[in-house]
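Structure, as structure tokens:
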Amino acid sequence: MIFRIAVRNLFRNKRRTLIVLTSVIAGTIAIILNDSVGNGMVKQMLENQINLHTAYIQIHNKGFSDEKSVDRYIKNQEYIDSLLSSNSDIKFYSKRIITFGLLNSANSSSGVNIIGIEPEKEQFVTFIKRSLLEGNYPQTGKRDILIGKKMSEKLEVEVGDKVVAVSNTLDGTVKSELFRVCGIYQAGSSEFENTNVYIPIDFADSFIEMNRGVHEYAIITESLDDVDKTQSSLINQLGSDYELLNYRELLPLLVSYVDVYRKTVIVFYTIIGLAVFFGIVNTMLMSVMERIQEFGVLMSIGMKTKEIFKMVILESFVIGIVGTIIGFVIGNIIYSYFHYNGIDLRAFSESLHSLGINAIIYPSLNLQLVINSLLVMPVTSVLGAIYPALKATKLMPTDAMRYV
Amino acid sequence: MEIIKVESVTKIYNTGAIAVKALDSVSLGINKGEFLVIAGESGSGKTTLLNIIGTLDNPNSGKIYLENNDISRYSKDELSDLRLNKLGFIFQAYNLIPVLTAIENIEFSMMLLGIPESVRRKKALEIMNDLGIDELANKKPNQMSGGQQQRVAVARAIVNDPLIVLADEPTANLDSKTGENLLDLMEKMNKEKNITFVFSSHDNKVINRASRLIMLKDGQIINN
Ligand SMILES: Nc1ncnc2c1ncn2[C@@H]1O[C@H](COP(=O)(O)OP(=O)(O)OP(=O)(O)O)[C@@H](O)[C@H]1O
Ligand SMILES: [Mg+2]
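Given below as structure tokens:
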């Protein structure tokens, strides 16, 4: 019956109830859209980086990630190859030679990471082949070099142009080598395009005289969920001569950025929550003040102050719940549309690009965000009703009745 | 049997600089089954006395005993329970809950007592039948006349078989005939169910029916 009274009270001033209800609906929709866009964005950033270069797990010689010097290469490749190809959780892997060097064109020069890849295998491990903008993917046995779009602009070179790479060889002598730009790739991030260039691994081997040594194994497991399991089993088998890092360990900055971003949603909830909160305080206060006399009657009949308190809270909570349900449905309809079609932010693509975010964002919700979107407004509606409800219970019944 | 005892109750209202002594050492006993009228001119303290007996307000000094229990010791919640179980109120302005229908208004206090829906519905219908207002059952207060609302208020006041019903000028807003009908109703309940009624009024219709009349003047009882 208290519930019935609460609901009927809401119908008493329909316009007022509708205004608060609308703000709750709008708040819920805003939360769903903001969360899903933000989450989709950071998820994309992380996935871009993993798919473009990092892969899920990398194997290096011990100490390589501390100092990437060419002499920290992996010696026992046959053993690792046999381990990886017999592990059923591993989908693909490829080997890389990595050195830091200088790339010179006729007009300009730039410091680069020169990455020697096994072209046939690398295409299954990362997206680099699919990221080709023009020209061709490097081929084994050729003086091919694949560079990023930004790099091509910086060096003012096009496909077919010659560039000279300079790097230390394994024994420490400085050596230069001529390459031909076979292709230009586009990555999600301009930073990435500016640092990484790809050459075929056999040519890298002869360039820096590695004698068939490699620096890195990049591994893809069947799914991201298998990463930890595969990593620890490989650590067991390989022992302490190698370092085995998963993508979270390889991209600590990005991962912590994602974490930080996920925490900043609290700020957003607070802002939206506060806006709705004050609306609710205001409305409930008006509604309570109008009914002070009625509360006096209820008290004289024998209703306890805590029951009156509950009734006022319940009224607000009903708005919170109804608004959340409606907002959740509408929010999810909008969300599903953009989840499949994406939000086109090409107008801002310059700045997004430098952050490693795609121009088209696919909003993405996860369970936690769904729970949040269902909780924020009902909680706000209860909090917003506390002060008005206290106000309703503070008076003696006679004071209350004298109000009108 | 004395069910209520008022012992030298004083009530002072402080409004700004002036203190108004609304009740000045009032003592009074009320017996079971009385149809008691407290009369007196406007401002004499009738409402104040009724509210204090009804535990809706606290005296500045003096004591109220309800069935020999000193109610000044009661907590807020205990007073609520006391009102719920032992007291019924009828106000000048009817004061039904506007969002509830007549029958829901009558059921309300039974709901607070935790009586199951089917039982309270039956009891509310019974009492409406007794008072001849069954056809009002599903009407909201704003769909009823003043007299009809006040009848519903009477039903609400007596439905829990209270020890005493306190009625503050119940006929003041009603025309003379409707007022008489309402009084008939309350007299009937008084006789048939032996419910004690205490009125405040300066309406002669009410005063004429009193089983006992108390006159208030400037917060003091001048006859008993
Ligand atoms: N809340 C209050 N604050 C200040 N003074 C009050 C208050 N309530 C009543 N009074 C004063 O106390 C005195 C008694 O008032 P009370 O309402 O009990 O009179 P009454 O006999 O019921 O009058 P009426 O016939 O007009 O209803 C009056 O002088 C009134 O002005
Ligand atoms: Mg009065």
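Sequence lines, in order, name chains A and B. Per the numbering used here, residue 13 is the first one in the first sequence, and the count goes up by one each step. Per the numbering used here, residue 44 is the first one in the second sequence, and the count goes up by one each step. Glycine residues also receive a C-beta, built at the ideal position from the N, C-alpha and C atoms.
Proximity of residue i and residue j at Cβ, strictly below 8 Å
| i | j | result |
| --- | --- | --- |
| Ser117 of chain A | Asp173 of chain A | yes |
| Leu115 of chain A | Leu58 of chain A | no |
| Leu190 of chain A | Glu221 of chain A | no |
| Leu130 of chain B | Leu179 of chain B | no |
| Ile264 of chain B | Ile238 of chain B | no |
| Ile283 of chain A | Ile69 of chain A | no |
| Phe76 of chain A | Glu261 of chain A | no |
| Ala397 of chain A | Val288 of chain A | no |
| Gly160 of chain A | Ile373 of chain A | no |
| Arg28 of chain A | Thr295 of chain A | yes |
| Leu40 of chain B | Gly72 of chain B | Any question about residue 40 of chain B goes unanswered here, given that chain B covers just 44 to 267. |
| Ser93 of chain B | Leu127 of chain B | The question names Ser, but residue 93 of chain B is Leu in the sequence shown. Cβ distance not < 8 Å, so Leu93 of chain B and Leu127 of chain B don't count as in contact. |
| Gly343 of chain A | Ile41 of chain A | yes |
| Gly105 of chain B | Glu50 of chain B | yes |
| Met171 of chain B | Ile146 of chain B | yes |
| Leu145 of chain A | Cys194 of chain A | no |
| Ser393 of chain A | Ile292 of chain A | yes |
Selection from the options that minimises the alpha carbon distance to residue i
| i | options | result |
| --- | --- | --- |
| Glu306 of chain A | B:Ile140, B:Gly105, B:Ile47 and B:Ile95 | B:Ile140 |
| Val267 of chain A | A:Val54, A:Arg28 and A:Val36 | A:Val54 |
| Lys119 of chain B | B:Tyr108, B:Tyr137, B:Asp100 and B:Phe132 | B:Asp100 |
| Gly335 of chain A | A:Asn21, A:Ile17, A:Phe23 and A:Val32 | A:Val32 |
| Tyr85 of chain A | A:Val270, A:Phe329, A:Lys318 and A:Asp217 | A:Asp217 |
| Lys74 of chain A | A:Arg24, A:Ser164 and A:Ile247 | A:Ile247 |
| Met229 of chain B | B:Gly86, B:Val49 and B:Glu77 | B:Glu77 |
| Met311 of chain A | B:Leu125, B:Val49 and B:Glu50 | B:Leu125 |
| Phe280 of chain A | A:Ser385, A:Leu402, A:Ser235 and A:Tyr91 | A:Ser385 |
| Asp214 of chain A | A:Asp101, A:Asn344 and A:Ile129 | A:Ile129 |
| Ser121 of chain A | A:Ser164, A:Gln135, A:Ile140 and A:Gly332 | A:Ser164 |
| Tyr137 of chain B | B:Gly190, B:Leu109 and B:Gly175 | B:Gly190 |
| Val249 of chain B | B:Asp227, B:Met232 and B:Asn266 | B:Asp227 |
| Phe360 of chain A | A:His351, A:Asn353 and A:Asn370 | A:Asn370 |
| Asn214 of chain B | B:Thr53, B:Phe134, B:Glu50 and B:Gly157 | In the sequence as displayed, the identity of residue 214 of chain B is Thr instead of Asn. The residue with the shortest Cα to Cα distance from Thr214 of chain B is B:Phe134. |
| Lys403 of chain A | A:Thr317, A:Asn353, A:Leu326 and A:Ile338 | A:Thr317 |
| Phe350 of chain A | A:Ser81, A:Leu377, A:Ile14 and A:Thr111 | A:Leu377 |
Whole-angstrom C-beta distance between residue j and residue i, which should lie under 8 Å
| i | j | result |
| --- | --- | --- |
| Pro390 of chain A | Ser48 of chain A | No, Pro390 of chain A and Ser48 of chain A are not in contact; Cβ-Cβ is about 20 Å, not under 8 Å. |
| Thr138 of chain A | Asn63 of chain A | 6 Å |
| Ile46 of chain B | Lys75 of chain B | 5 Å |
| Lys133 of chain A | Phe104 of chain A | 7 Å |
| Val175 of chain A | Val186 of chain A | At roughly 17 Å, the Cβ-Cβ gap does not stay under 8 Å, so Val175 of chain A and Val186 of chain A are not in contact. |
| Leu143 of chain B | Ile313 of chain A | With a Cβ gap of about 12 Å, Leu143 of chain B and Ile313 of chain A do not count as contacting. |
| Gly332 of chain A | Val36 of chain A | 6 Å |
Buried or exposed by the 16-neighbour rule on C-beta atoms within 10 Å, applied to residue i
| i | result |
| --- | --- |
| Gly153 of chain A | exposed |
| Lys107 of chain A | buried |
| Asp211 of chain B | buried |
| Val416 of chain A | Only weak support is given to the placement of Val416 of chain A: the predicted model assigns it a pLDDT of 36, under 50, and the value that follows is read from those uncertain coordinates. Its Cβ having fewer than 16 others within 10 Å, Val416 of chain A is exposed. |
| Asp240 of chain A | exposed |
| Ile127 of chain A | buried |
| Leu379 of chain A | exposed |
| Asn60 of chain A | buried |
| Glu90 of chain A | exposed |
| Phe151 of chain B | buried |
| Ile61 of chain B | exposed |
| Pro264 of chain A | exposed |
| Ile107 of chain B | buried |
| Ile102 of chain A | buried |
| Asn206 of chain A | buried |
| Thr66 of chain A | buried |
| Thr58 of chain B | exposed |
Chain A contact residues for residue i, given Cβ-Cβ distances below 9 Å
| i | result |
| --- | --- |
| Leu143 of chain B | Met13, Arg16, Ile17 and Arg20 |
| Met154 of chain B | Met13 and Ile14 |
| Leu151 of chain B | It is worth fixing the name first, because residue 151 of chain B is Phe in this sequence and not Leu. Ordered by position in chain A, the residues that pass the 9 Å Cβ test against Phe151 of chain B are Met13, Ile17, Leu310, Ile313 and Met315. |
| Asn138 of chain B | Gln305, Glu306, Gly308, Val309, Ser312 and Met413 |
| Phe132 of chain B | Val309, Ser312 and Ile313 |
| Leu174 of chain B | Per Cβ cutoff of 9 Å: no residues; Leu174 of chain B is ~18 Å from chain A at best. |
Contact list for residue i against chain A, beta-carbon separation under 8 Å
| i | result |
| --- | --- |
| Arg116 of chain B | Residues of chain A passing the Cβ test: none, with the nearest at roughly 17 Å. |
Under 7 Å by beta carbon: chain B residues contacting residue i
| i | result |
| --- | --- |
| Lys316 of chain A | Asp120 and Ser123 |
| Thr410 of chain A | Asn94, Leu99 and Asp100 |
Contact set between residue i and chain B, taken where Cβ atoms lie within less than 9 Å
| i | result |
| --- | --- |
| Arg24 of chain A | Pro141 and Val142 |
Residues that residue i contacts on chain A, provided the C-beta gap is smaller than 7 Å
| i | result |
| --- | --- |
| Leu168 of chain B | Per Cβ cutoff of 7 Å: no residues; Leu168 of chain B is ~16 Å from chain A at best. |
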